[in-house]
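Visitor: Quick one: the structure is below, questions incoming.
2 protein chains.
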Amino acid sequence: MPNSRTDTASSQRPPLRLGIAGLGTVGTGVMRLLAENAALIERRAGRAVTVTAVSARDAKRDRGIHLTGIAFESDMTALAARDDVDCVVELVGGTDGPALALAQATLGAGKALVTANKAMIAHHGMDLARISDGGDIPLKFEAAVAGGIPVIKALREGASANRIMRVYGILNGTCNFILTKMEAEGRGFEDVLAEAQAKGFAEADPAFDVDGIDAAHKLSILAAMCFGTQLDFDGVATHGIRDIRAEDIREATALGYRVRLIGMAEQGEAGLTQSVGPCLVHEDHPLGYVPGSLNAVVAEGNFVGRLFFEGAGAGDGPTASAVVADIIDVARDEYGPAFAMPVDQLQAMSRADAGAGTGKRYVRLLVEDRTGVLAEIAIAMRDAGVSVESFIQRGSEDGRALIALVTHACSGDAVADAMRRLSGSSALVGPPMVMPILDL
Amino acid sequence: MPNSRTDTASSQRPPLRLGIAGLGTVGTGVMRLLAENAALIERRAGRAVTVTAVSARDAKRDRGIHLTGIAFESDMTALAARDDVDCVVELVGGTDGPALALAQATLGAGKALVTANKAMIAHHGMDLARISDGGDIPLKFEAAVAGGIPVIKALREGASANRIMRVYGILNGTCNFILTKMEAEGRGFEDVLAEAQAKGFAEADPAFDVDGIDAAHKLSILAAMCFGTQLDFDGVATHGIRDIRAEDIREATALGYRVRLIGMAEQGEAGLTQSVGPCLVHEDHPLGYVPGSLNAVVAEGNFVGRLFFEGAGAGDGPTASAVVADIIDVARDEYGPAFAMPVDQLQAMSRADAGAGTGKRYVRLLVEDRTGVLAEIAIAMRDAGVSVESFIQRGSEDGRALIALVTHACSGDAVADAMRRLSGSSALVGPPMVMPILDL
Numbered sequence: 006m007p008n009s010r011t012d013t014a015s016s017q018r019p020p021l022r023l024g025i026a027g028l029g030t031v032g033t034g035v036m037r038l039l040a041e042n043a044a045l046i047e048r049r050a051g052r053a054v055t056v057t058a059v060s061a062r063d064a065k066r067d068r069g070i071h072l073t074g075i076a077f078e079s080d081m082t083a084l085a086a087r088d089d090v091d092c093v094v095e096l097v098g099g100t101d102g103p104a105l106a107l108a109q110a111t112l113g114a115g116k117a118l119v120t121a122n123k124a125m126i127a128h129h130g131m132d133l134a135r136i137s138d139g140g141d142i143p144l145k146f147e148a149a150v151a152g153g154i155p156v157i158k159a160l161r162e163g164a165s166a167n168r169i170m171r172v173y174g175i176l177n178g179t180c181n182f183i184l185t186k187m188e189a190e191g192r193g194f195e196d197v198l199a200e201a202q203a204k205g206f207a208e209a210d211p212a213f214d215v216d217g218i219d220a221a222h223k224l225s226i227l228a229a230m231c232f233g234t235q236l237d238f239d240g241v242a243t244h245g246i247r248d249i250r251a252e253d254i255r256e257a258t259a260l261g262y263r264v265r266l267i268g269m270a271e272q273g274e275a276g277l278t279q280s281v282g283p284c285l286v287h288e289d290h291p292l293g294y295v296p297g298s299l300n301a302v303v304a305e306g307n308f309v310g311r312l313f314f315e316g317a318g319a320g321d322g323p324t325a326s327a328v329v330a331d332i333i334d335v336a337r338d339e340y341g342p343a344f345a346m347p348v349d350q351l352q353a354m355s356r357a358d359a360g361a362g363t364g365k366r367y368v369r370l371l372v373e374d375r376t377g378v379l380a381e382i383a384i385a386m387r388d389a390g391v392s393v394e395s396f397i398q399r400g401s402e403d404g405r406a407l408i409a410l411v412t413h414a415c416s417g418d419a420v421a422d423a424m425r426r427l428s429g430s431s432a433l434v435g436p437p438m439v440m441p442i443l444d445l
Numbered sequence: 006m007p008n009s010r011t012d013t014a015s016s017q018r019p020p021l022r023l024g025i026a027g028l029g030t031v032g033t034g035v036m037r038l039l040a041e042n043a044a045l046i047e048r049r050a051g052r053a054v055t056v057t058a059v060s061a062r063d064a065k066r067d068r069g070i071h072l073t074g075i076a077f078e079s080d081m082t083a084l085a086a087r088d089d090v091d092c093v094v095e096l097v098g099g100t101d102g103p104a105l106a107l108a109q110a111t112l113g114a115g116k117a118l119v120t121a122n123k124a125m126i127a128h129h130g131m132d133l134a135r136i137s138d139g140g141d142i143p144l145k146f147e148a149a150v151a152g153g154i155p156v157i158k159a160l161r162e163g164a165s166a167n168r169i170m171r172v173y174g175i176l177n178g179t180c181n182f183i184l185t186k187m188e189a190e191g192r193g194f195e196d197v198l199a200e201a202q203a204k205g206f207a208e209a210d211p212a213f214d215v216d217g218i219d220a221a222h223k224l225s226i227l228a229a230m231c232f233g234t235q236l237d238f239d240g241v242a243t244h245g246i247r248d249i250r251a252e253d254i255r256e257a258t259a260l261g262y263r264v265r266l267i268g269m270a271e272q273g274e275a276g277l278t279q280s281v282g283p284c285l286v287h288e289d290h291p292l293g294y295v296p297g298s299l300n301a302v303v304a305e306g307n308f309v310g311r312l313f314f315e316g317a318g319a320g321d322g323p324t325a326s327a328v329v330a331d332i333i334d335v336a337r338d339e340y341g342p343a344f345a346m347p348v349d350q351l352q353a354m355s356r357a358d359a360g361a362g363t364g365k366r367y368v369r370l371l372v373e374d375r376t377g378v379l380a381e382i383a384i385a386m387r388d389a390g391v392s393v394e395s396f397i398q399r400g401s402e403d404g405r406a407l408i409a410l411v412t413h414a415c416s417g418d419a420v421a422d423a424m425r426r427l428s429g430s431s432a433l434v435g436p437p438m439v440m441p442i443l444d445l
């Protein structure tokens, strides 16, 4: 058996020396974790892990952590070139710009890169992995997907024997916080969002979260990792939760469902399907129980069956936990190719026609409460070939009515056709809301 | 960065050659998995994985798998000595005997060992890990804990940055199947057990499962892995589910709880606490939702917070998934010390006094329905210093009554004292049932 490591002789291996870029919440959390759990980390890593250099916008700010004896670089790209740095930890964020420049410089210098940057990996993961593969240089990003849940580790290594048919889950804690609060308190989206912003649970500009982009970044990374396919962020059909009304959640509950923002990737004969959007999840499905800002991931393997993972998807502690787990792997020289297999072996998959996928769907319409509207809707559904399983109309005092219906299994294209037939109607007040019903 | 592997050149590495001991359900499942997912496994392992030799009781039995070209050893220990075997996969089971002899011979020959044998690891894990450490020989046992859930991987590597304070879960699928069925159908233990046996979900001799021994094996392995402590199977206070009555489940449900067999390990200043036994779990706790024969593990880390993992805990497919994940790690030379750090660094922990732990407890008594019994119970509780939070007495037509009470937080010793005071009473019909209430 080849023996390339020296586990039992940690004192004989030099420390792994880190350069940390970014001392925001996560960077500070990583520094705290490395200090607080130092002895444990050394036992698990088989060598000491030290921070030799950091980079941050403001050198002077008090972050409640010790920076004495640690070099400070105002230009973070300089971390990659330092002789006393073996591994760069990128916690700056951003799709391109300085983070990407640092990542390229680090791998280009043959040094390990650990990052929490989902946007950068989703957009440039294949290019970075190619550099990583070429020089057998560690490129690790556990913290980029589902925060503290070691889902990359569990799926790329723990479930590595399986062909994964489907991976899906709750990948954005802000959206889950908003949706579960809307559900518990019967409140509207804008109202709950404002409270989440006031409390710091949502960003001042919430677009990244509530429009599904953050979840789409994570989903595209998960899909590549699970399926052994080329990363295809642009192939994620992405919808957010802005148009969900309190009434939608009330109707869904009455039907035995929860409304959740679900990222879903499936590999099938027709190609790769990737989507992020609000779905109805049965109240008995494990994803229906995921409370507050937690994240959860389900993966279905051809031998293991269904695996379910739940934990904190964000926050300084959980994210630092994932970052330092990667650092320990680097310290142990146990990392493997960034996407579980070399990039040149990842399959280029065609995109499946998302509209062709069949399933039940929830449709909600706000309409004028007058004669003939019901017939108009019924005719549009019939002419589009959409069969209706259940139908509820609720009048209100302002002369409008809410219609919530559930279709029998049909294609997304058919429902879209029905909506198109209705789109010219003067009866409609605002656009309809269509959500797939998860039958898993 | 040291480069000891050749990920991108799988064709340059010779195949990993397996010798498989045991061709029962799991062994056959492993053979099927290796054949069905061969291309995928080669891509992930960076080399081919082949089976060169097997050993089983009956060479001739038709198992629906191809054994052509594979050597057959009637004495399984011979697998360890074969020149064409790099890694032995032990799927025979049993604490000692042939399985242990094979394990020792394999590691002694400097060859990798992958096993699903929880009893052997729980009893001899430290000794085997010492041989593994000494020669840097892979010793892997993902399948020994929670079947297909990659919980060893997720905790030893994914959560490796954390000090784990507590790890607990549902570790025996047979018990969870029985308890959830008793709950759903209002039936008694013996009745449901008999059905489970008839359907093959429970063994003819169910003691190993229903008396908690199987769960205790797994718990002791988890605890050592999570806490970095010496494995201490004998330190697990183990109780089974035989004495749970349909009435207990009914009363627990009325109180908002589920009855589950919980394995729990905690590391505290008083030492290590390890227990397996039926507990009341709040209906909103993730463990309260775990259906049927699934397993689930919760771990609480000082940075990551609470992680929850759920999946199939047994069965040929899920177990094979875990076994082959280990094999892939071996093929990649990514394994590390068996218990996440060298055995000589695992701490020897004293056992905490289990009776000193405080918490609410459920107590059920079957009594003669006559004057004075209530006073007798109330006095025993008072004299033992146990304060009662809720109390229900239900009469029945046969002159007996069932009393179910919940204590305020108190020590297990105090409740045991109260039960001792009652034990001589002629009012009691059969022994009392005491279950901790999980408040997590």
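Chains A and B, in that order, give the protein sequences.
Residue numbering for the first sequence is 6 to 445, as defined by this note's numbering.
Residue numbering for the second sequence is 6 to 445, as defined by this note's numbering.
Using N, Cα and C, we set each Cβ at its ideal position, and we do this for glycine too.
Does the count of Cβ pairs from the stretch 279-287 of chain B and the stretch 275-285 of chain A closer than 8 Å reach three?
Guide: At 8 Å Cβ cutoff, the stretches do not touch.
Visitor: Answer with buried or exposed for A/Q272, where buried requires no fewer than 16 other C-beta atoms within 10 angstroms of its C-beta.
Guide: So A/Q272 counts as buried.
Visitor: Starting from B/P323, find everything on chain A with Cβ-Cβ shorter than 8 Å and list it in chain order.
Guide: Chain A residues near B/P323: F308, V309 and G310.
Visitor: To the nearest angstrom, how far is the alpha carbon of A/R87 from that of A/A44?
Guide: When rounded, the distance between both Cα atoms is 26 Å.
Visitor: Taking DSSP's pairing of strands, which residues face B/M125 in a bridge?
Guide: Per DSSP, none; premise fails for B/M125.
Visitor: Considering only the alpha carbon of each residue, which of B/G306, B/E315 and B/R311 lies closest to B/V295?
Guide: Of B/G306, B/E315 and B/R311, the residue nearest in Cα terms is B/E315.
Visitor: Name the DSSP bridge partner or partners of A/M440?
Guide: BP columns for A/M440 point to A/Y367.
Visitor: Rounded to the nearest angstrom, how far is the Cβ of A/V59 from that of A/L39, given a contact under 8 Å?
Guide: Going by Cβ atoms, the distance from A/V59 to A/L39 rounds to 12 Å, so no, they are not a contact pair.
Visitor: Can you list the beta strand (DSSP E) stretches of 3 or more residues lying completely in the stretch 54-125 of chain A, in chain order?
Guide: As far as the stretch 54-125 of chain A is concerned, its whole beta strand (DSSP E) runs of at least 3 residues are 54-60, 76-78, 92-95 and 117-120.
Visitor: Evaluate B/R66 with the Cβ neighbour count: other Cβ atoms within 10 Å of its Cβ, from every protein chain shown; 16 or more gives buried, anything less gives exposed.
Guide: Its Cβ having fewer than 16 others within 10 Å, B/R66 is exposed.
Visitor: Would you list, in chain order, the members of the stretch 154-181 of chain B that have their beta-carbon closer than 7 Å to a beta-carbon of chain A?
Guide: Result list: I154, P155, K158, A159, E162, G163, A164, S165, A166, N167 and R168.
Visitor: Going along the stretch 42-74 of chain A in order, which residues come within less than 7 Å of chain B, judged by CB to CB distance?
Guide: Against chain B - using a Cβ distance shorter than 7 Å - the residues of the stretch 42-74 of chain A are N42, L45, I46, R48 and R49.
Visitor: Once you ignore the five residues that flank A/A419 on each side, which residues in its own chain have a CB closer than 7 Å to its CB?
Guide: The answer, listed in chain order, is A389, G390 and V391.
Visitor: Using a C-beta cutoff of 8 Å, does A/E402 count as contacting chain B?
Guide: So, not an interface residue.
Visitor: I'd like to confirm the pairing. Which residues does DSSP put opposite A/H287 in its beta bridges?
Guide: Answer is A/Y262, bridged to A/H287.
Visitor: Quick check: the Cα distance between B/L312 and B/L105, rounded to an integer number of angstroms?
Guide: Taking the straight line joining both Cα atoms gives about 33 Å.
Visitor: Need the endpoints of the alpha helix (DSSP H) that B/L198 sits in, please.
Guide: That run of the alpha helix (DSSP H) goes F194 to A203.
Visitor: DSSP puts A/L277 in a beta bridge; with which residues?
Guide: For A/L277, which the question treats as bridged, DSSP gives the partners A/Q272 and A/R356.
Visitor: Which one or two residues does DSSP pair with B/T179 in a beta bridge?
Guide: None, per the DSSP bridge assignment.
Visitor: Quick test of the definition: if touching needs 3 or more C-beta pairs under 8 Å, does the stretch 202-211 of chain A touch the stretch 175-187 of chain A?
Guide: Touching, yes, given that three or more Cβ pairs across the two stretches are closer than 8 Å.
Visitor: Please list the partners that B/E315 has in chain A, where partner means a Cβ-to-Cβ separation under 7 Å.
Guide: Correct list: P291 and F313.
Visitor: So A/V119 contacts chain B; which residues on that side make the cut at Cβ distance below 9 Å?
Guide: In chain order: nothing, as chain B lies at least about 12 Å away.
Visitor: Taking C-beta to C-beta, are B/G306 and A/S355 nearer than 8 Å?
Guide: No, Cβ-Cβ distance for B/G306 and A/S355 is not below 8 Å.
Visitor: Determine which residues share a DSSP beta bridge with B/K145 and list them.
Guide: Per DSSP, B/V119.
Visitor: When you compare only the Cα positions, how much space is there between A/G364 and A/D253?
Guide: Distance between the alpha carbons of A/G364 and A/D253: 19 Å.
Visitor: Does the CB of B/G318 have a neighbour CB from chain A at under 8 Å?
Guide: B/G318 does not count as touching chain A.
Visitor: Would DSSP call B/M170 helix, strand or coil?
Guide: Strand, per DSSP.
Visitor: With respect to the alpha helix (DSSP H) encompassing A/V411, which residues constitute its N-terminal and C-terminal limits?
Guide: Per DSSP, A/V411 belongs to no alpha helix (DSSP H); it is in the beta strand (DSSP E), R405 to T412.
Visitor: Counting contacts by CB-CB distance shorter than 8 Å, is A/Y294 in contact with chain B?
Guide: Closer than 8 Å: yes.
Visitor: Quick one: what's B/G24 bridged to in DSSP?
Guide: BP columns for B/G24 point to B/A58 and B/V93.
Visitor: In three-state terms, what does DSSP make of A/L299?
Guide: Three-state DSSP puts A/L299 in a strand.
Visitor: So A/R337 contacts chain B; which residues on that side make the cut at Cβ distance below 7 Å?
Guide: G341, listed in chain order.
Visitor: Measuring alpha carbon to alpha carbon, tell me which of B/G32, B/D321, B/G310 and B/C415 ends up nearest B/E95.
Guide: When each option's Cα is compared against that of B/E95, the closest is B/G32.
Visitor: Of all Cβ atoms in chain B, is any one closer than 8 Å to the Cβ of A/L23?
Guide: No, no contact with chain B.
Visitor: Can you check which of these residues, B/G140, B/D239 and B/P19, is closest to B/G51 by C-alpha distance?
Guide: Out of B/G140, B/D239 and B/P19, B/P19 has the C-alpha closest to the C-alpha of B/G51.
Visitor: Along the chain, where does the alpha helix (DSSP H) containing A/G400 start, and where does it finish?
Guide: Looking at the DSSP string, A/G400 is not in any alpha helix (DSSP H); the run it does join, the beta strand (DSSP E), is V393 to G400.
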